[in-house]
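>
In our numbering, the protein residues as written are 11 to 157.
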């Protein structure tokens, strides 16, 4: 550095910092945001998480298992309105990728629609009969010899 460059800014070094009269002063937070890392691939990390998320495949029941479920559904139909709680395990398809997940729900059955093959619960849930893999309940104990 040359000697004459040392005194180059002596005329402005002690002047007050300029503030615009037209624009408001930028906060330190906003100034720092200008230098924040830039995400060139917006949504890329979300796409990676979605790909890594696991789903289950739907289990296909045997004819014997389907028959057992049908017998249990008939018992449920005869108990509608009697305040009996069942535990139904059923498959819910994933909206974003193939497969889905199994949900077990303790519930009261409001109505069975055999022609549409759906079960309506008191909480408003509608379950497709073909998605059910298991139904549990204390009431089935007295029918164990018939299954």
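Positions of the beta carbon are idealized from the N, C-alpha and C atoms, including for glycine.
On a predicted model such as this, the values are computed, not experimentally measured, just so you know.
Using three-state DSSP, classify residue 60 as helix, strand or coil.
The answer is helix: DSSP assigns residue 60 an H, G or I state.
> Per DSSP, what kind of secondary structure is residue 112 in: helix, strand or coil?
Of the three classes helix, strand and coil, the one that applies to residue 112 here is strand, per DSSP.
> Would you list the one or two residues that DSSP bridges to residue 128?
In DSSP, residue 128 forms a bridge with 123, 138.
> I need the straight-line Cα distance from residue 117 to residue 151, nearest angstrom please.
Near 18 Å, if we compare the C-alpha coordinates of residue 151 and residue 117.
> Just list the residues that DSSP pairs residue 66 with in beta bridges.
According to DSSP, which records beta bridges pairwise, residue 66 is partnered with 110.
> Do you know offhand how far residue 126's Cα is from residue 137's?
The straight-line gap from Cα to Cα measures roughly 11 Å.
> My assumption, with CB atoms under 8 Å, is that residue 98 sits in contact with residue 115. Please give the rounded CB distance.
With 8 Å as the limit, residue 98 and residue 115 qualify as a contact, their Cβ atoms being about 6 Å apart.
> Quick one: is residue 82 buried, meaning 16 or more other Cβ sit within 10 Å of its Cβ, or exposed?
It is buried - the Cβ of residue 82 has at least 16 other Cβ atoms within 10 Å.
> Assign residue 144 to one of three DSSP states: helix, strand, or coil.
Here residue 144 sits in strand by DSSP.
> Excluding sequence positions up to five away, which residues of its chain have a Cβ less than 6 Å from the Cβ of residue 20?
The answer is none, since no qualifying residue turns up.
> Buried or exposed for residue 39, please, with buried defined as at least 16 other CB atoms from any protein chain shown within 10 angstroms of its CB.
Exposed is the call here.
> Taking the beta strand (DSSP E) that residue 98 falls in, what are its first and last residues?
96-103 is the extent of the beta strand (DSSP E) around residue 98.
> Looking at C-beta atoms only, is the number of pairs between the segment 68-83 and the segment 139-153 that lie closer than 8 Å three or more?
Taking 8 Å as the limit for Cβ pairs, the verdict is that the segment 139-153 does touch the segment 68-83.
> What number of angstroms, rounded off, separates the C-alpha of residue 17 from the C-alpha of residue 53?
Approximately 51 Å between the Cα atoms of the pair.
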